[in-house]
Amino acid sequence: MKYSRQRELILETVQQSDDHPTADTVYARVRALDPKVSLGTVYRNLNLLCETGRLLKVSIPGGSDRFDHTLQNHAHAVCTVCGTVSDVLPQALPLLEEFLQQDCGFTVRRMNLVLEGVCPRCRQHTVS
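Everything in the sequence shown is counted per the working numbering, starting at 202 for the first residue and increasing by one.
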């Protein structure tokens, strides 16, 4: 992959994010640093960075794709109220991989698991 300053800026923007940004959010953040960047450039480069294994695309049911810089197998928890996406610690994932291998003969190479529920902040607001 040929070097591109805009691509590096897009990658750095996602790597510095802890909120699993959408392409539109990445675009807004990158555009603040480089007003010449286009939305199409951001979309193309995010997809290229995912295809080359530098980023992970997280497909959210009923929502926009999100982008993650954490590449090791892990899951995501999506709040169905506010849309927050959080990383799920991978302690239980080896158990799932082992089950799939033993019971189904399936070897997991990459995992993209999305769990839907209500985050603590939204749960607290609905109780109050």
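By construction, the Cβ of each residue, glycine as well, lies at the ideal position given by its N, Cα and C atoms. Just so it is clear, the structure is predicted and the values come from calculations on it, not from any experiment.
In DSSP terms, what residue i is bridged to
i: residue 280; result: 318
i: residue 268; result: 258
i: residue 223; result: 267
For residue i, three-class secondary structure by DSSP
i: residue 307; result: coil
i: residue 285; result: coil
i: residue 256; result: coil
i: residue 236; result: coil
i: residue 275; result: coil
i: residue 207; result: helix
i: residue 216; result: helix
i: residue 249; result: helix
8 Å Cβ cutoff met for residue i and residue j
i: residue 317; j: residue 281; result: yes
i: residue 294; j: residue 274; result: yes
i: residue 210; j: residue 228; result: no
i: residue 231; j: residue 214; result: yes
i: residue 249; j: residue 268; result: no
i: residue 207; j: residue 242; result: yes
i: residue 298; j: residue 309; result: yes
Supposed contact pair residue j and residue i - C-beta distance, whole angstroms, cut 8 Å
i: residue 270; j: residue 256; result: 6 Å
i: residue 283; j: residue 320; result: 7 Å
Quick check: the stretch 211-229 against the stretch 255-266, are at least 3 beta-carbon pairs closer than 8 Å? Verdict: yes, contact present.
Is the number of C-beta pairs between the stretch 230-248 and the stretch 270-279 that are closer than 8 Å three or more? No: the two stretches stay apart, fewer than three of their Cβ pairs being nearer than 8 Å.
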